[in-house]
């Protein structure tokens, strides 16, 4: 396993908040990077940044005028 990257930097990956999609005790979760804590109960985890939506609110740091026009993938979880 590789520890999550908590450093600062340039580019889209480092726009905060970053997040971690994980499966813990058979349940999928998305947690903001500051809340992520490694655990033996976590079976899978992948870090990504930035989170597009957090607690139902669009990330205000994402600007329509941003220069990056690359296609991205996203993951979401409905209420379980």
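In this note's numbering, the protein residues as written are 5 to 84.
Even glycine gets a Cβ: it sits at the ideal position worked out from N, Cα and C.
- By the neighbour-count criterion, in which 16 or more other beta carbons inside 10 Å mark a residue as buried, residue 22 falls on the buried side.
- For residue 25, DSSP records a beta bridge to 34, 50.
- Counting C-beta pairs with one atom in each stretch, the segment 41 to 49 and the segment 72 to 80 have fewer than three that are closer than 8 Å, which means they do not touch.
- Judged by their CB atoms, residue 63 and residue 34 are not nearer to each other than the 9 Å cut-off.
- Note that the C-beta distance between residue 55 and residue 36 is below 9 Å.
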